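Read the structure below first, then the notes.
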Amino acid sequence: MEYEPIIGLEVHAQLLTRSKIFCGCSTTFGALPNTHTCPVCLGMPGSLPVLNENVVEFTIRMALATHCQIAAISQFARKNYFYPDLPKGYQISQYELPLAEKGWVEIETQRGPQRIRINRIHMEEDAGKLIHDEFQPVSHVDFNRTGVPLIEIVSEPDLRTPEDAASYLKMLRETLRYLEICDGNMEEGSMRCDANISLRPVGTERLGTKTELKNMNSFRNVQRALEFEIRRQRALLEKGETIIQETRLWDTGRNTTVSMRGKEEAHDYRYFPDPDLVAIVIDEQWIERVRGSLPELPDAKRERFMRDYELPPYDAQVLTSSKALADYFEAAVQRFAQPKLVSNWIMSELLRELKKDEKDIEGCQVTPQQLAELLELIDKDIISGKIAKSVFQEMYTTGRSAAGIIDDQGLKQVKDESAIESVIDEVLAENNKEVELFRGGKEKLFGFFVGQVMKKTKGKANPKLVNEILRKKL
Amino acid sequence: MEIFSLTMHDLHELLVRRELSVTEAVRSFLERIQTFNGKLNAYLTVLAEQALQEADRFDNGKKDLTESPLAGVPLAIKDVLCTRGIRTSCGSRILQQFVPPFDATAVEALHRAGAIFLGKTNMDEFAMGSSNENSAYGPCRNPWDLERVPGGSSGGSAAAVAADLCAGALGTDTGGSIRQPASFCGVVGLKPTYGRVSRFGLVAFASSLDQIGPITKDVEDAAILLQAVAGYDRRDSTSVDRPVPDYREALRTPIEGLKLGIPQEYFIDGMNPDVVQAVQRAIQTCRDLGAEIVDLSLPHTDYGVAAYYIIAPAEASSNLARYDGVKYGFRVPDAKDLMDMYCQSRVNGFGFEVKRRIMLGTYALSAGYYDAYYRKASQVRSLIKQDFLAAFEKCDALLAPVSPVPAFKIGEKSDDPLQMYLSDVFTLPASLAGVPGISVPCGFTAEQLPVGLQILGPHFQEELILRVAFHYEQATRDQRPKPAVL
Chain A
1308 MEYEPIIGLE VHAQLLTRSK IFCGCSTTFG ALPNTHTCPV CLGMPGSLPV LNENVVEFTI
1368 RMALATHCQI AAISQFARKN YFYPDLPKGY QISQYELPLA EKGWVEIETQ RGPQRIRINR
1428 IHMEEDAGKL IHDEFQPVSH VDFNRTGVPL IEIVSEPDLR TPEDAASYLK MLRETLRYLE
1488 ICDGNMEEGS MRCDANISLR PVGTERLGTK TELKNMNSFR NVQRALEFEI RRQRALLEKG
1548 ETIIQETRLW DTGRNTTVSM RGKEEAHDYR YFPDPDLVAI VIDEQWIERV RGSLPELPDA
1608 KRERFMRDYE LPPYDAQVLT SSKALADYFE AAVQRFAQPK LVSNWIMSEL LRELKKDEKD
1668 IEGCQVTPQQ LAELLELIDK DIISGKIAKS VFQEMYTTGR SAAGIIDDQG LKQVKDESAI
1728 ESVIDEVLAE NNKEVELFRG GKEKLFGFFV GQVMKKTKGK ANPKLVNEIL RKKL
Chain B
688 MEIFSLTMHD LHELLVRREL SVTEAVRSFL ERIQTFNGKL NAYLTVLAEQ ALQEADRFDN
748 GKKDLTESPL AGVPLAIKDV LCTRGIRTSC GSRILQQFVP PFDATAVEAL HRAGAIFLGK
808 TNMDEFAMGS SNENSAYGPC RNPWDLERVP GGSSGGSAAA VAADLCAGAL GTDTGGSIRQ
868 PASFCGVVGL KPTYGRVSRF GLVAFASSLD QIGPITKDVE DAAILLQAVA GYDRRDSTSV
928 DRPVPDYREA LRTPIEGLKL GIPQEYFIDG MNPDVVQAVQ RAIQTCRDLG AEIVDLSLPH
988 TDYGVAAYYI IAPAEASSNL ARYDGVKYGF RVPDAKDLMD MYCQSRVNGF GFEVKRRIML
1048 GTYALSAGYY DAYYRKASQV RSLIKQDFLA AFEKCDALLA PVSPVPAFKI GEKSDDPLQM
1108 YLSDVFTLPA SLAGVPGISV PCGFTAEQLP VGLQILGPHF QEELILRVAF HYEQATRDQR
1168 PKPAVL
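From first to last, the protein sequence lines stand for chains A and B.
Going by the working numbering, the first sequence opens with residue 1308, and the numbers climb by one from there.
Going by the working numbering, the second sequence opens with residue 688, and the numbers climb by one from there.
Spelled out as structure tokens, the structure:
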């Protein structure tokens, strides 16, 4: 039997507000343990939370970017459970009345573009961190992260493959980054993902028993864990066994998921409205003000790139995959107005080098202006495309300008016809046999002669002139 | 008259007129505490040295006595309010060593007004109780009869005021914890509207119900003390940003022409007949003062106890989760593992009633029971609030007893929680509705136990209930004996 995976993701994103969600403590990462704490985020008796309005604002941004409906009145709820990194014994989250519901994002899949529905987006506080002593049976708690604002973005079970899940995640990360509300770093935990996955026979409606996957701290791990879980569940179903509803942890080292807790051990979080916080009232004016301040989002930018720069969909997709890359492209185009050529150079040369070095566009030494200048030199026939590639290599490693490199290395094209003619004469004289063969009909040898000429001129001869004169002479 | 017997406003007048030094006043109370606290157990912590130092600052001119009516006035603070650098135990073993690094907003306000703190008062553990028997530090006793309870949970504050161990005190009221002990001890106690006084620094029992309020020797003192602590606080989102009227000024207006409602549900079978009689007499007095008395109904009163004993424990079960032995407070020394540490610390750190309410609340919030209990109780709460809103369309304020019975004997009800809970029947509805209420002494039973008249008003109408209480008190001023037992 063929099975169809049904996948839904719960994504937590740490918001880039300067202070915590319910107190004034700093959210800066990496401070000495327990230095960014106060009675409120430590949950001391008598302390009370006060909502940071920026958290609401950031959440509204994400809600608008994902086409969600924003609740006029929403509410915080307490999620009750005991853990040493949770100082109050409950996490302030949202439950019955989340800030946003019923949105969607569109992702590219092998089946074409798909709309992935968002069930809800809600605000909550992060927990602290446990540090286990390596030498003694002691654990320490660092409460610096306690109260750092999070949003949880819950998708509907609309994803069908691990690749879908990865592109959905990338889409969310890009959106969060475009909105400048989260840095989207999965490895550092500022973006975290849990997955719900079940299998059902293709063509049937009823959902199978799902498992929840945790502990996947990279895009790759999400994909691998889902792939593993699909194989595991399929094997069980094929043997006629049942899937147990449980939470499973991804083990990166062993490439497998292991059971963490079953349904019976699942927490009863005893959610109820938090009586310490009043309802959050959001009026149309607030929403419109936030809408007005939103930057252009990936979808809109992609369409604009296709429309205004006449780029093919693939180019537009790649160039808008990050705001920084899109900005780079636009800066280069402003200087050198041949968008497709700029796009080709970015997508082939530039991105290849960056990928090799595992760098982002932010870490690139070549400025968009420098790239544009290089393309201008090609356009004006000052250097050939081929030489330009080696010049670019030099620019990429040294950060120097194209003109400087070309001057230093004498790479300007030779456009003097008589000079080219004499080189061609030399080549023809040295290759009598090939000249005979060519004239006998072996037309393919034309390229050989061009190559020889270029070799003798170290690639500097203007290819157009070489072609013309060669034709004449042969 | 003895210094310690003076009301706050009379004492302050003497201080301002330099007929008395602040140090003398403080010493007078400290001596009295020294003599009687052993019997009463009203204070858990006495701040003798600190109080004398503060007094000295007034007497040597470093602080100004005229800056506020509280300047130089010695007060007591219920041990559920955070005091910076001073142990705040909440009457619990689990917070035996808890020293808050900050002051509650209300405490800070009193500090600013120049009040002097004599100490922290006894209470039912985490404010859960109606008798002060649930204190981990032993019961507080009623100054009118040492065999009897002072009421609760602010029993220590009420007893301290009644026995003249302070000039006035702060208590907290979640379901009657100011009004009931005030009535049992024959003093004035006011529970403000929910949101009138900041809860920041009030260690939470039931966050949607808790309010801080004054317990004082007369109504004018209650107005003075409320004035100092009322107001918006950005550190408490549930405090309400609206102007605070001049409460003391409001007392002057006579109550002639006011419509006072008598809710029939507050006079029920099984009440102590002396209590009924005392309250009836008080109603007559108000009529004599020119108020119009109207009978009316608060039809959902009967459901108050049930709704309260679901909502309050539910919130408590969550509020008290932080006492897990991890960061502060009591932790068992040799737990096997994390779960064992949690369980043993909580089993040994909390008293019986607190554990009972944690269990009740946990159950009421559990999956599968939430709708039947917590949600239903919240709906009932809305109906009770509606009752009050409807009643206040027909009258300006309500008159009722505070408690169906006077102070009972220590141990009398401690084995029967339901009986104990039922004794809160007349104070719980106002807490659930969030409306303000005041308890003012209205006579005695045949056994010379004080009885309290409860005056309830619309939201944020503290000045109205204070005014009614004040004129009633003035009309009956000559009927105020002091506890004879001391």
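Where a beta carbon is used, it is the ideal one built from N, C-alpha and C, also for glycine.
If you're wondering where the values come from, they're calculated on a predicted model, not measured in any experiment.
Whole-angstrom C-beta distance between residue j and residue i, which should lie under 8 Å
i: A:L1682; j: A:V1698; result: Not confirmed; about 11 Å, so no contact.
i: B:T972; j: B:A1162; result: 5 Å
i: B:Y803; j: B:G759; result: Note that residue 803 of chain B is Ile in the sequence shown, not Tyr. Rounded, the Cβ-Cβ distance is 6 Å, consistent with contact.
i: A:P1646; j: A:I1504; result: Actually they are not in contact, since the Cβ atoms of A:P1646 and A:I1504 sit about 41 Å apart, beyond 8 Å.
i: B:H1146; j: B:V1122; result: 6 Å
i: B:A999; j: B:A1120; result: About 14 Å separates the two Cβ atoms, so there is no contact after all.
i: B:V875; j: B:S1126; result: 7 Å
i: B:M810; j: B:G778; result: 4 Å
Reduced DSSP secondary structure (H/G/I, E/B, other) of residue i
i: A:F1643; result: coil
i: A:W1411; result: strand
i: B:D697; result: helix
i: B:N821; result: coil
i: B:C872; result: helix
i: A:N1774; result: helix
i: B:F892; result: coil
i: A:N1341; result: coil
i: A:I1551; result: coil
i: A:E1360; result: helix
i: B:N728; result: coil
Nearest-angstrom Cα separation, counted from residue j out to residue i
i: A:A1379; j: A:A1320; result: 23 Å
i: A:M1613; j: A:K1693; result: 28 Å
i: A:W1411; j: B:S926; result: 38 Å
i: A:K1691; j: A:K1767; result: Inspection of the sequence shows that residue 1691 of chain A is occupied by Ser rather than by Lys. So the two alpha carbons sit approximately 7 Å from each other.
i: A:R1427; j: A:Y1402; result: 10 Å
i: A:P1675; j: A:Y1635; result: 6 Å
i: A:L1626; j: A:V1649; result: 11 Å
i: B:Q783; j: B:T770; result: 14 Å
i: A:T1704; j: A:K1436; result: 40 Å
i: A:K1663; j: A:L1657; result: 10 Å
i: B:R780; j: B:R1033; result: 10 Å
i: B:V713; j: B:L698; result: 11 Å
i: B:G825; j: B:N728; result: 7 Å
i: A:K1687; j: A:E1724; result: 17 Å
i: A:V1730; j: A:V1760; result: 7 Å
i: A:M1351; j: B:P932; result: 32 Å
i: B:D1024; j: A:V1445; result: 11 Å
i: A:L1316; j: A:C1345; result: 33 Å
i: A:E1610; j: A:Q1443; result: 58 Å
Of the residues the options, the one placed nearest residue i, counting alpha carbons only
i: A:R1642; options: A:A1679, A:N1387 and A:E1536; result: A:A1679
i: B:A994; options: B:L1025, B:D961, B:K1063 and B:F1017; result: B:K1063
i: B:F887; options: B:I902, B:Q914, B:D908 and B:T859; result: B:T859
i: A:T1518; options: A:L1772, A:I1438, A:A1586 and A:P1464; result: A:P1464
i: A:L1584; options: B:R921, B:L938 and B:E1150; result: B:R921
i: A:S1326; options: A:P1340, A:K1771, A:P1405 and A:V1455; result: A:V1455
i: B:A763; options: B:P788, B:L945, B:T732 and B:E741; result: B:T732
i: A:Q1700; options: A:S1474, A:R1539 and A:R1659; result: A:R1659
i: B:S1101; options: B:E820, B:P756 and B:E812; result: B:E820
Short Cβ contact (7 Å threshold) for residue i with residue j
i: B:Y953; j: B:A1087; result: yes
i: A:A1372; j: A:L1543; result: no
i: B:V703; j: B:D746; result: no
i: A:L1520; j: A:R1555; result: yes
i: A:R1577; j: A:N1387; result: yes
i: B:Y1015; j: B:F785; result: yes
i: B:G801; j: B:E736; result: no
i: A:L1772; j: A:I1713; result: no
i: B:S864; j: B:A814; result: yes
i: B:S885; j: B:T775; result: no
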